[in-house]
Every structure is written in C-alpha cells, then in structure tokens.
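Let me begin by presenting the structure, written as structure tokens, before commenting on it.
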Amino acid sequence: MALHGMRGLSIFISDIRNCQNKEQERLRADKELGNIRNRFKKEKVLTPHGKKKYVWKMLYIYMLGYDVDFGHMEAVSLISAPKYPEKQVRSIFVLSLI
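Take the sequence shown: its letter number 76 is residue 76 in the UniProt record's numbering, and every next letter is one higher.
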C-alpha cells in the first residue's frame with residue numbers, strides 16, 4: 001500500500017524499525033499513542049484525513065502486539081467520510097480489532 005500523503009506514518013514506521021530493542025519500541029509506541037490520544041481529545045474537529053492517519057498508526061501499533069484501548073469511535077466515525085480511503089481504513093481497523 002502506498003503511503004502517499006502520510007509522511008508521519010512513514011516516519012513512525014521507520015522509527016519503530018530502527019529501535020534497538022523491544023523496550024525502545026514499546027516506549028516509542030507509547031509516546032505515539034499518547035500523541036494520538038491528545039489529538040483526539042483536544043481537537044474537536046479533526047478532518048477525515050487526519051483521523052485516517054491516526055487510525056493507521058493505531059492499527060500498526062495494534063499489529064505490533066500493543067494494546068490500543070481508545071480511538072474506536074473515531075475510527076467508526078470515518079464511515080461518514082466523503083472519500084473511499086477514509087472508509088477503507090475504518091473497515092480494516094474495525095475488522096482487525098474484532
């Protein structure tokens with residue numbers, strides 16, 4: 001899948017891959033989850049594209065084996081997004097967490 005327009009996701013994945021051990025990886029994932037949580041709380045009006053970027057990061061962290069215990073409603077809210085890529089990430093996220 002191309003990460004066109006999602007430079008932050010590409011950088012995050014690179015950061016995770018460059019971690020020397022599992023502890024550094026966990027700290028980086030926790031830091032990113034904290035950033036995402038703050039964005040969801042503080043920014044009342046996130047664009048569908050913004051939500052999509054954060055949901056992809058949460059899905060990647062979940063696939064690494066870390067617990068993602070928030071953001072589910074933000075992912076589900078992408079169903080009303082006007083573009084298909086936002087709806088696609090919602091579907092993948094919800095099906096992966098079931």
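Idealized CB from N, CA, C, for every residue including glycine. Since the structure is predicted, the reported quantities are computational estimates derived from the model, not experimental observations.
Next on the checklist: Within 7 angstroms of any Cβ in chain C, is that where the Cβ of V76 sits?
Outcome noted: Among the chains of the structure shown, chain C does not appear; only one protein chain is present.
Checklist entry - To the nearest whole angstrom, what separates the beta carbons of K57 and L9, a pair I think is in contact under 8 angstroms? => result Between K57 and L9, the beta carbon gap of about 6 angstroms places them in contact (Cβ cut-off 8 angstroms).
Next on the checklist: For residue 120, report the span of its alpha helix (DSSP H) as first-last.
Outcome noted: It is not possible to answer for residue 120, since the shown part of the chain is limited to 1 through 98.
Checklist entry - So what does DSSP say about V45, is it helix, strand or coil? => result In the three-state reduction of the DSSP assignment, V45 falls in the coil class.
Checklist entry - According to the neighbour-count rule (16 or more other Cβ atoms, all chains shown, within 10 Å of its Cβ), is F93 buried or exposed? => result It is buried - the Cβ of F93 has at least 16 other Cβ atoms within 10 Å.
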